[in-house]
Each structure stands twice: as structure tokens, then as C-alpha cells.
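Novice: Positions in the sequence shown are counted from 1; adding 437 to them yields this note's numbering.
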Amino acid sequence: MDCAVFRILLLAVFVCPAAAAEDLIGGLKDDPADELWKPLNEQPFNGPLDEAEDADYAGDDANPPATPLKVEARDDIAVFNFESFGDDNELGAWVANNIRRRIERKQLYVLLEPMDMDGIILAHRFKIAFDSPLKAVADFTREKLGCSLAMWGRVDTIGESLAINVKVITTAENPTIVLDDKFIAENRYVTQLAVQEMLRRLAGEPEPVEQEHPEWDKAWEEGPNLVRNPGFEDGEESPDHWDVIGSKDYHHGMVSWVDAPGPDGHGKCIKFEMNTDIAGSYGVAYYSDPIDTSEGTRYRFSVRVMSMAPAVKIFIKHYAWFPSRGNETEDQWRETRRAPMDCYGAGPAWKTFTRDFNPRLKDHGYNTTKDLDKERAKLHDPKTTKIDLYAYWPAGTVYFDDVVLKRLE
Ligand SMILES: [Ca+2]
């Protein structure tokens, strides 16, 4: 964390009225590691997100992983503090606490009490790093902590975003990997969404039974595509209505506009070509222009993808307009919800991936009855949406084409 920011946070911890913080952060207040984050939690856009797990957000459930990583219900798990750099693992501890709290709320596993765990770790001087040998972690967790699963990880900050690398293994003599993946939170305020996604994959939650909605299918077939220049055919130097290519640092010079390859190629398309450094850290993102969307309305999205190795994810990101508060000098668009779509099974032939979503927060998820907070919560209603085409590890080439977003109701 930047030193100046850290000092501001510390200052804010001491000056903020405790009661106000408690109202907003609710159940978070018992976690020591959360102390540092109180000032951030006080931001109006944080409260509802933490409580948004039960939000009626159809999109999230409509796209479970292709291969559910089912583990036996109610195994016991030891969640080690995650690593983070330059902050004495403060951020890593905060993320691990978020995960623990959500595991308990979800009753996914029996959680080893962190305080008990800390004592045993200290007594045995056990050190764990993200790259620790699986067997060493498994042996310690099984023999000293008595748990059948171990979770640990590392949090990297990349600008505003957090890359949460996580490993979960069984602690048998020959441990097996249950989960080894990276989850991206665009900023700290949406960390919960990355954690939710992580636990959803761990739980192997079943695909909800899709009801027949002929009117939605009709709208999907006949309705207008809300994405402008959806096939990347129009433009001079860059495709119109999408990020400018080659002029922004965060593309790392790895995005280009090319003829769509393969027998099923449709004219022009977007190509990512990632080296190992970028694939293993930032990944590459490419954005559409904002698209007007409405809260509480169902949409369907699809894109065609060809990947020569990298993992591909699409983030449909919803934004709301926040008036400046506190020390902020400018009003700004902030991401308040997102619908992620993992393109599992993308390979060296064009394949279409589809999902439905509905940018709605049920009752805004607020844990207080104060009118003021309800007013604040309304700020979260998404007003606009961007499509974020994203790919990461391993290195290689990815192509995107034919982006479709339609309103279904
Ligand atoms: Ca095209």
C-alpha cells in the first residue's frame, strides 16, 4: 500500500466516530484485520456489497463452472492468512478474514478457529508461503491442526485491483488440489464478489433449473444488439466504440485489431497476445464503451472466443454515479456490481459463450433501517454497463468477436 494512503487510513481510524463505522460495517467489526479498513468500509458503496450475497442476482447463478469442484459438505478447513507484500501481510489477513467469514455464513465447511490456529502455528514456528510444497502444508494441517482441507494464498495489488491467488488442497498423505486459481477484485470494495465466486466454485453449486421463458428467447432472437460495433468491423485505426488500441498503458501493447482467423472467422476481431509476465500478473483487459442499462431488468450476453491457452473471462461491469464525498474532489462512476462469465472450454476453434444477468440488488442488502442509509444505497443502482474482455494465465493468444448484449424483458 502506498505510504501516504496508509497514513491517511491510520489517521482516519483514529478520528472516525466508532458508532458510525459500526452501523456501516456491521458484522465486520470483530475482525482485528478489518480495523485498518474501516475508513474504506465507511464509503457508501461498500456496505451493500458486503451484504449483497443474498441479492436476487440471477446472472451469478446462471453460469456455474463447467466442472464443479465438489468437495464433501462440512469438511473441516484451515484457512491460513494470505500473503501480501509491502504491508506486513495486512491485506492478506484481511482477505483471509473475508473468506473465513463467508465460509461460516455459507456453512460450507467447519472452520478452524483462527485464534486456535495462530497459537499452534506460532508454537511450531510453521511458515507458509504461496509456493510452499503441498505436502508440507498438508502434513502440518493434518497432524497439527487436524483439518482435512487447507486453504492459503497470496494477494497482489495491481493499481486499484486485487489479484487473489488461492490454493485449496486435501491434507491426505498425498494431497490433491481442490482449487488453484486466481480471482480478481477490480477494487477493494468488490472483494466480496471475488470471494463469492471462489466459494461458489469450491461448493460446486449446482446449476439452477432454468425455467422455460419463450418470451426471453424471442427477445434474444429478434431484439436489437445494444453493443455498438459488436463484430469489430467499423473503425479507422481502432474499432469504433471500443477502447483505443495502442494508446493505453493497461493494454501493455498486447491488444491488436486483426482479421479473424480460422474457417469460422467473421471479418475483423480483437486479438490478445500475452507474454508470461503479463499473463501471470495483470492479465489483459479490453473494454467496450458504456452501454445504457437499467436496474432490475434481465439481459443476455454472448461472445465468441478462441483461445490458444490463456484462461478467458468476461466481466459485465455495472456502474453507478457517485457524488464526491470526504476527501474526493470529483464525482465519478464507480463499479457497483458485475456479472462474471468464465469461458471454460475455450480452445483453438471459435466457440460461443452465453449468460443471462440482471443488475439488481434485492432491497439493496442494507443491514440498517436508517433512511439515510437507504438513500445512500440507492446510489448503487447500476446506470450503465461496460463489457470487459479479459484473459490471463497462461501466456498465449486469445481472439474475441461477435459481442451481443440484448434486453430480454
Ligand atoms: Ca468480426
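We put the beta carbon where it would ideally sit given N, CA and C, even for glycine. All values reported here derive from a predicted model rather than from experimental measurement.
Could you tell me which whole beta strand (DSSP E) segments of length 3 or greater appear in the segment 556-612?
Specialist: Fully enclosed beta strand (DSSP E) runs of 3 or longer: 586-595, 598-607.
Novice: When the Cα atoms are used, what is the spatial distance from residue 544 to residue 709?
Specialist: Here residue 544 corresponds to residue number 107 of the sequence shown, with the count starting at 1. Here residue 709 corresponds to residue number 272 of the sequence shown, with the count starting at 1. Their Cα atoms are separated by approximately 40 Å.
Novice: Any heavy atom of ligand 1 within a distance shorter than 7 Å of the CB on residue 584?
Specialist: In the sequence shown, counting from the first residue as 1, residue 584 sits at position 147. Not so, every heavy atom of ligand 1 lies at least 7 Å from the Cβ.
Novice: For residue 589 versus residue 522, is the C-beta spacing smaller than 8 Å?
Specialist: Position 152 of the sequence shown, counted from the first residue, corresponds to residue 589. Position 85 of the sequence shown, counted from the first residue, corresponds to residue 522. Cβ distance not < 8 Å, so residue 589 and residue 522 don't count as in contact.
Novice: Report, in whole angstroms, the separation of the C-beta atoms of residue 690 and residue 746, which I expect to be a contact under 8 Å.
Specialist: Numbered from its first residue, the sequence shown carries residue 690 at position 253. Numbered from its first residue, the sequence shown carries residue 746 at position 309. Contact flag wrong, Cβ pair sits at about 19 Å.
Novice: Give the range of the beta strand (DSSP E) segment to which residue 820 is assigned.
Specialist: On the sequence shown, residue 820 is found 383 positions in, with the first residue counted as 1. First-last for residue 820: undefined, no H or E at that position.
Novice: I'd like to confirm something about residue 738: is its beta-carbon nearer than 7 Å to some heavy atom of ligand 1, or not?
Specialist: Your numbering for residue 738 matches position 301 in the sequence shown. No, since every heavy atom of ligand 1 falls outside the 7 Å radius drawn around the Cβ of residue 738.
Novice: Would a C-beta distance cut-off of 8 Å place residue 699 and residue 787 closer than the cut-off?
Specialist: On the sequence shown, residue 699 is found 262 positions in, with the first residue counted as 1. On the sequence shown, residue 787 is found 350 positions in, with the first residue counted as 1. Yes, Cβ-Cβ distance for residue 699 and residue 787 is below 8 Å.
Novice: Looking at the unbroken alpha helix (DSSP H) that takes in residue 632, where does it start and where does it end?
Specialist: Translated into positions along the sequence shown, residue 632 becomes position 195. 628-640 is the extent of the alpha helix (DSSP H) around residue 632.
Novice: Have a look at 553, 702, 548, 633 and flag the residue whose alpha-carbon is nearest the alpha-carbon of residue 743.
Specialist: To locate residue 743, count along the sequence shown from 1; it is residue 306. Nearest option by C-alpha distance: 702.
Novice: Could you tell me which of 615, 683, 654 sits nearest to residue 512, measuring between CA atoms?
Specialist: Within the sequence shown, the letter at position 75 stands for residue 512. Nearest option by C-alpha distance: 615.
Novice: Scan the segment 704-775 and note each continuous alpha helix (DSSP H) run of 4 residues or more that stays entirely inside, going in chain order.
Specialist: 713-716, all fully within the segment 704-775.
Novice: For residue 835, which three-state DSSP category applies?
Specialist: As a first step, residue 835 is located in the sequence shown; it is residue number 398 there, counting from the start. If DSSP states are grouped into helix, strand and coil, residue 835 belongs with the strands.
Novice: Please go through the same chain and pick out, in chain order, the residues whose beta-carbon is closer than 6 Å to the beta-carbon of residue 766, but skip the five residues on each side of it.
Specialist: For the purposes of this step, residue 766 is identified with residue 329 of the sequence shown, where counting begins at 1. Answer for residue 766: no residue qualifies.
Novice: Which same chain residues end up closer than 7 Å to residue 734 when comparing Cβ atoms and leaving out the 5 residues on each side of it in sequence?
Specialist: Along the sequence shown, one-based indexing puts residue 734 at 297. Hits under 7 Å: 795, 844, 846.
Novice: Would you report the Cα separation of residue 677 and residue 739, rounded to the nearest angstrom?
Specialist: In the sequence shown, counting from the first residue as 1, residue 677 sits at position 240. In the sequence shown, counting from the first residue as 1, residue 739 sits at position 302. Each residue's alpha carbon lies about 19 Å from the other.
Novice: Any idea which residues DSSP pairs residue 793 with across the strands?
Specialist: Taking the sequence shown and counting its residues from 1, the one referred to as residue 793 is at position 356. Looking at the DSSP assignment, residue 793 forms a beta bridge with 737.
Novice: For residue 516 versus residue 533, is the C-beta distance shorter than 8 Å?
Specialist: Within the sequence shown, residue 516 is the residue found at index 79, counting from 1. Within the sequence shown, residue 533 is the residue found at index 96, counting from 1. Yes, the pair counts as a contact, with Cβ atoms nearer than the cut-off.
Novice: Measure from the alpha carbon of residue 568 to the alpha carbon of each residue in 597, 602, 594, then state which is nearest.
Specialist: Translated into the one-based positions of the sequence shown, residue 568 becomes position 131. The shortest Cα separation from residue 568 among 597, 602, 594 belongs to 602.
Novice: Quick check on the DSSP output: the alpha helix (DSSP H) that includes residue 532 runs from which residue to which?
Specialist: Along the sequence shown, read from residue 1 onward, the residue named residue 532 stands at position 95. Residues 527-543.
Novice: So which residues touch the region around ligand 1, with touch meaning a C-beta under 7 Å from any heavy atom?
Specialist: Spelled out in chain order, the answer is 668, 669, 670, 697, 703, 704, 705, 706, 838, 839.
Novice: Bridge partners of residue 830, per DSSP?
Specialist: As a working note, residue 830 is residue 393 in the sequence shown. Looking at the DSSP assignment, residue 830 forms no beta bridge with any residue, so it has no partner.
Novice: Closest to residue 770 by C-alpha separation, out of 669, 822, 781, would be which residue?
Specialist: Working through the sequence shown from its first residue, we reach residue 770 at position 333. Among 669, 822, 781, the Cα nearest to that of residue 770 is on 822.
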